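4 protein chains.
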Amino acid sequence: MDSNYNEIIENAYNFTKPIKDKGKLATYIPELANVNPSNFGVHMTKVDGTSFGIGDHLEKFSIQSISKVLSLALAVKFLGEDIWTRIDVEPSGTKFDSLLLLETYNGIPRNPFVNSGAIVICDILISHLENARQEFLEFVRDLSGIPDLNYSDKIADSEKATGFRNVALCNFIKSLGNIKNDPAVVLDFYFDMCSLEMNCQQLSHTFSFLANGGCKLKDGKEIITSSQAKRINALMLTCGFYDESGEFAFKVGLPGKSGVGGGIVALYPNNFTIAVWSPKLNANGNSYKGMKLLETVTTHSEMSIF
Amino acid sequence: MDSNYNEIIENAYNFTKPIKDKGKLATYIPELANVNPSNFGVHMTKVDGTSFGIGDHLEKFSIQSISKVLSLALAVKFLGEDIWTRIDVEPSGTKFDSLLLLETYNGIPRNPFVNSGAIVICDILISHLENARQEFLEFVRDLSGIPDLNYSDKIADSEKATGFRNVALCNFIKSLGNIKNDPAVVLDFYFDMCSLEMNCQQLSHTFSFLANGGCKLKDGKEIITSSQAKRINALMLTCGFYDESGEFAFKVGLPGKSGVGGGIVALYPNNFTIAVWSPKLNANGNSYKGMKLLETVTTHSEMSIF
Amino acid sequence: MDSNYNEIIENAYNFTKPIKDKGKLATYIPELANVNPSNFGVHMTKVDGTSFGIGDHLEKFSIQSISKVLSLALAVKFLGEDIWTRIDVEPSGTKFDSLLLLETYNGIPRNPFVNSGAIVICDILISHLENARQEFLEFVRDLSGIPDLNYSDKIADSEKATGFRNVALCNFIKSLGNIKNDPAVVLDFYFDMCSLEMNCQQLSHTFSFLANGGCKLKDGKEIITSSQAKRINALMLTCGFYDESGEFAFKVGLPGKSGVGGGIVALYPNNFTIAVWSPKLNANGNSYKGMKLLETVTTHSEMSIF
Amino acid sequence: MDSNYNEIIENAYNFTKPIKDKGKLATYIPELANVNPSNFGVHMTKVDGTSFGIGDHLEKFSIQSISKVLSLALAVKFLGEDIWTRIDVEPSGTKFDSLLLLETYNGIPRNPFVNSGAIVICDILISHLENARQEFLEFVRDLSGIPDLNYSDKIADSEKATGFRNVALCNFIKSLGNIKNDPAVVLDFYFDMCSLEMNCQQLSHTFSFLANGGCKLKDGKEIITSSQAKRINALMLTCGFYDESGEFAFKVGLPGKSGVGGGIVALYPNNFTIAVWSPKLNANGNSYKGMKLLETVTTHSEMSIF
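Protein chains in written order, with the working numbering: chain A, 1 to 306; chain B, 307 to 612; chain C, 613 to 918; chain D, 919 to 1224.
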C-alpha cells in the first residue's frame, strides 16, 4: 500500500477522533449497549493486497446488518437472478424496519438491505440450501479467512428476546405470501446471521472480493461473477444506509453498508475496501463518527466513484 | 473517439432497434403525444471531445425533466450548499409527483429531481436571480453552445393547461412554508424550464461538464467545482429515475436522468456522456428503449462506475 | 320549550364558562384571528318551535365548514343519490385537509365534510345549477329566514389569499379527474360558501329541518325527504368532526358539525337543534369550549341518540 | 313483540333471500370455509323480552369479531375509562388489519374493534384479571344464558395456524410498547375469544343489555352503566364495520358489529337487538346478505337512530 493512502486514512482518523460524538449507542438490542462507546478504529485493504489500520481496528464488534451483504452474495451465487422476483432493488425512502411499503407492494421488500428484504433472503437460503445456517457460516469463514468464526449466541439471544418488530415483519410478509418457511425458523437464522463479530481488519478483508470483481484477493477464486459484484455494489450505493443512503452517496460517494453495531464497510471498485467502527449512532442508525471519517477521507482525496 | 466505443454504441443501437417497444407515449402533456413514436437515436460525447451518434440523434425533442439537472447546477453554482436546507438528497421511494412524502417531511422535497424538488429549485432561483427565466436560458445556451436556444411556448402552454398536479404540488408546498414566491410565478418558470428542446448530440454536449469535473469540454471553463459535479452525479444515480432509480443503478450502473419526452442522459465520470431518445415510456415514466439501449451498452462493455 | 331544557342549557353554559380555555384561535385564515376569543354563546331550538339562548348567542360569527352540511343538502335535494359516485361516506381517519387518502382512493374524497369532499360538492353544484353561488345563497336565506344574508367578502378574500392547501386539494382532485370545472371557479365558490356569518340563534334555526324529518319548522315545507335527512345526520355523526368524529360520538352522542370559526351545531332527531360558539379551537380544529359544553349537556341529561 | 315488527323482519327476510349473493366465503380462516354458504337467518329480541326469528336463526356459527364488543364491555366494566389511554375511539379509515395507522399513532390502535385494538383489549384483560380466558367465558355465559358455552378449539386452532397477520400486529404493537404481556399469550387469548359460536337467537339475547341501558333483560342486573352502554353503542356506530362503517350508518343507521363468520348484530337503543347471519362476505369483509337485510329493515320502517 502506498504511503499516500496510509496518510489519508491516518489524517482522517486523527481529524475525526477529537470531534464531539453526537451519536447514541443502539439500545434496541440490549447486548449492544455493553460496548465501550469510545471505541474507534479503521482499516483499509487495497486490491493489491496491502492494508493499513489505525485505532481499535483489531477489536471485534457485532457487524449486524453488514452481514446482509454477505447473505445476499450467497443467495446470488447459488440462485442468480431468480431472487429478484421476491425482492425489489429500489431505495425504500423510509426507515429500515418500516412495514408501510410492504403493505403497498404486497409483501415484496423494497431491497435486500432493509430488514424485510434480508428476512426474505434468509427464507430463500433456507429453501435452497441443505443447512442454511451452517453453509452461510462456512461461506463467511472462507471469505474472511477466519476458520473458527462463529455466531454469537449472546448477541443473537439478546435480539431474539426483544426483536418484536422483526417478528412482526416476518409474520406480515408471511401473511402476504412471500415467506415460504416457518416464520420462527426464518427469524432464528436471521438473528444468527446478524450476530457475527469481526474487527475492522477482518471486515475489510472479507468484503474485498466486491472491490475485486467478485474474486477473493488471496487466491483469486471467483466467489460471484464480476457483473454480480457490480450489481451488489450498486445496491449498496442506493440502499446501504437506510434512509440516509442518498446522503452517503452525496457526501462520500462510495458503495457501503452500515450496521447498528457501529460498523461501516465501504469500497472503491478496483481500488480498496475500508472498514470503520465507532459504536455511537446518528439519528438514522448509522455510526456518527464512521460517517464523518469516510466523508473526510473522500473529501480530502479523489477517492469517489463519481 | 476510439472506434471501440463507436462500435459498442452502434451494436447496442442495432440490437435494441428491432425489439418490440412495450412503452407508451406520454399523454399527460398533450403536445408530447404529437411526436413520431418510432424515433430512436443515441449520441455519445467523450471527454476528449470526440463524439459519435446514430439514428435520429439530430432530431430535436422536449428534454422535460432532464432540465432539472441544469436548474440544480445553476442553483448550486450561485448558492452552494445553502439550498440543501430546502431540499433533501434522498431517493423518494415513490412516484415522481407524489404528495405523500411532502406531508411526512413538512414540505421538504425528498430530492431535487422529483417534481416538488424541482419546483422548490425554481422558487430558489427566482428569489436569488434578477430574472431567473432569462438567466437560466443563458446558462443553458452557454453549456449547450446553442446561442438561439429558446423555451418552447407550445410545450409550456400545453403543460400549463393540464398540469393540475404540479399546481397542486406547488400550492401544497407553499402551504407548508417552503415556497417563498407566488405559486403562479414559480409554476410559470417551472413549465418553461421543462419545455426546452434539444437533440441527442446537443444533450450529450450540454451534460459533458458533469463528466469533466464540472468544466466545459470546449474551453475548460469551470461551471461548478469538481466536488459539486460529483454530488450532482451522485444525486442522478440515487434519484434520477424516480421509482426506477435503483433498477437503473443495478442494471446500467451510471448516473443519469430521464424525461417524459423519452430522453435519457447518462454519464461515466472522466469518460463520456451519452444521450438516448425514444419517446415511448415504460410504466415508471422512463423511455422503454432508452433504458434497454443503456443496459445493453453497459452489459456488453465494462462501462459502469461499479 | 319546557323549563327543564332551558335549565340544562343554562347550567351547562355556567359550568363551562369559567373553565380555562386551552384552545387557540384559528390562524390559517387571518381574518378569523380578529375575533374576540372570549365570546361564548349557545342557543337551542326545539322542534316544537320554542327556543332558548344564553351568552353571546346573538353575536354573528363565521360558520365556515358548518356550511358544508348546507351545500350537501342542496346537492342531495337536486341530484339525489347520484352524487355518491363522486364522494364516499366513510370517516377519513386523517386530518380535514389530508391529501393522502385522495391518492389512495383515486380522487374520490372520503366524505362530503372533509375539504376535498366539500370542494367536489361545489363542483357538482356548479355543473348542475344555473348560478350555483346565487342559488346556494337563496337556499340558505330560505332555511335561515334571513332575507339579506350575504357572503362575507372580507372572510372569503382572506381565505383566498392564504388558502394554498385548498388550491392544492382542488387541483389534485382535478388531476385525478374528479373536478369537472375550472379549479379557480370551483375554489371561488368554495371560499364564498365558507364565508357565511350567522349567530347561534340563526344557526340553530337554520339546521332545525334536519331534526325535523327534512321539513322547515316554520311552515313545514319539505326541503329534503325524511330519508335524506337521516342520511345527512348519519354523515354528521360519523364524519362531522374530522379526526375527532369518533370522540364526539363517544362523548356527546349527537350528529353535529363544527367550523374553524369556533361554531358547532348538533341535533337530536325529532327533538332539538343546538348551536354553540366559542372561537378558540382544540388541537383537532374544533371549538374547545363548544365541545365541553355539549359534552356537559348530554352527560347531565339523557339527550343522546345512543 | 307486536306483530308489526315480526312482519317487517319476515318481509325483509323474504325480500332478501332470493337476491343473488355476490359475497364470498371467508378463506383466511380455513375452518370457516366449511360452512354451508346458503345459510341465512335472522332473530330480533325486543327490550320487552319478546322475540322473533326466521330462517336458520337457530343454527350456530362462529361469531368471530362480534365478540370484540363483549371483551370491550368486560374491560369497561372492570377498568372503566382507564382503558382509553391505550386505545383511541376513532374510525380507522382503513382495513381491519392495517398496520399503517399503528405506525402513525405510535402503537395506539384507532379503536377497540380493529384487530389491533381488540388485541390490546386482550392484553389489558390478561393484566387485570386472574384468569382472563376463563373470566371472559363466564361473562359471556352469563350474558347469553348458555351455561355450557365454550371456546371452539377447531376454530381457534385453525386461526392460530394461519393468523400470521395478527401475529404481526401483536408483535408490532409490542415493539411500540403498547402490549405488556408475552405476545404469544395475548394472541392465544385473542384467537380463543374470536372462536365463540352462537346462533342468531342467542346472539340477539346476548347483546340485548346494550339496547337496555346496560342491564340484562332477564333479571335487570346492571352489567355496565347506562353511560358506558351508550358509549359502546357510539363506538359500534362509528367503527363497527371496518372500512364500511360510514356506509352502514348511512344506509342502516343503527349501531352494529360484524364478524367474518357472516354474522351481524345491530341494535336500536331502548327498542331491540337484531342478529342476522349469512356466511358470504362482501369486499369489505361484512356479510353481503346480512347488510342487505338490515338495510331493507330500516328502509321499510322508521327504525333508525337518525
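Positions of the beta carbon are idealized from the N, C-alpha and C atoms, including for glycine. Please read all numbers here as calculations on a predicted model, not as lab measurements.
G1181(D) sits away from S1163(D), with the two beta carbons spaced by 8 angstroms or more. By the Cβ neighbour-count rule, T945(D) is exposed, with fewer than 16 other Cβ atoms within 10 Å of its own. Fully enclosed beta strand (DSSP E) runs of no fewer than 3 residues occupy 256-258, 263-268, 272-277 of the stretch 234-278 of chain A, in order along the chain. The distance from the Cβ of L950(D) to that of V1178(D) is about 7 angstroms, consistent with a contact at the 8 angstroms cut-off.
Judged by DSSP in its simplified three-state form, S377(B) adopts helix. Proximity of S610(B) to chain A, defined by a Cβ-Cβ separation below 8 angstroms, is satisfied. Close to chain A, meaning a Cβ-Cβ distance shorter than 7 angstroms, are the following residues of the stretch 526-553 of chain B: K536, R537, N539, A540, L541, L543, T544, C545, D549, S551, G552, E553. With a 10 Å radius around the Cβ and a threshold of 16 neighbouring Cβ atoms, P255(A) comes out buried.
Taking a 10 Å sphere around the C-beta of G49(A), we find fewer than 16 other C-beta atoms and assign the residue as exposed.
Look at A861(C): its C-beta is under 8 angstroms from a C-beta on chain D.
Using a 10 angstroms sphere on the CB of L670(C), the tally of other CB atoms stays under 16, which defines it as exposed. In the DSSP assignment, L587(B) forms a beta bridge with K330(B), S593(B). Along the stretch 102-171 of chain A, the alpha helix (DSSP H) occurs as fully enclosed runs of 4 or more residues at 115-128, 132-144, 153-162, listed in sequence order. Contacts with chain C at 8 angstroms (Cβ-Cβ) do not include G1081(D). Around the beta-carbon of Q746(C), fewer than 16 other beta-carbon atoms lie within 10 Å, marking it exposed. Nearest in C-alpha terms to D735(C), of all of G757(C), A687(C), E771(C), is A687(C). Three or more beta-carbon pairs separated by less than 8 angstroms link the stretch 415-425 of chain B to the stretch 380-395 of chain B, which places the two stretches in contact.
Here L781(C) is actually not in contact with S739(C); their C-beta atoms are around 18 angstroms apart, not less than 8 angstroms. Ranked by how close their Cα comes to the Cα of F113(A), the residues L237(A), C215(A), S204(A), S301(A) have L237(A) in first place.
At a cut-off of 8 angstroms between C-beta atoms, L405(B) counts as an interface residue with respect to chain C.
Of the candidates F1082(D), S1145(D), M1209(D), K940(D), M1209(D) places its Cα closest to the Cα of A1184(D). Look at M1111(D) here: in three-state DSSP terms it is helix.
Non-local C-beta neighbours of K1072(D) in its own chain, meaning closer than 7 angstroms and more than five positions away in sequence, comprise E949, ordered along the chain.
The beta carbon of A339(B) does not come within 8 angstroms of any beta carbon belonging to chain C, so the residue lies off that interface. Here I223(A) is buried, its C-beta having at least 16 other C-beta atoms within 10 Å. Chain B places no beta carbon closer than 8 angstroms to that of N626(C), leaving this residue out of the contacts.
In the DSSP annotation of this structure, H300(A) is not part of any beta strand (DSSP E), being labelled neither H nor E. Our two residues, D1106(D) and L1211(D), have alpha carbons roughly 34 angstroms apart in a direct line. In the three-state reduction of the DSSP assignment, S980(D) falls in the strand class. Closest in C-alpha terms to R753(C), from the list K828(C), G897(C), S677(C), comes K828(C). Assignment of I232(A) by DSSP, reduced to helix, strand and coil, places it in the helix class. Rounded to the nearest angstrom, the gap between the Cα atoms of F996(D) and D148(A) is 57 angstroms.
A buried status is given to D804(C), since no fewer than 16 other beta-carbon atoms sit within 10 Å of its beta-carbon. Annotated three-state conformation of V654(C) is strand, per DSSP. G826(C) sits in coil when the DSSP states are folded into three classes, being neither helix nor strand.
Each residue's CA atom was taken as its position, placing S956(D) and K978(D) some 14 angstroms apart.
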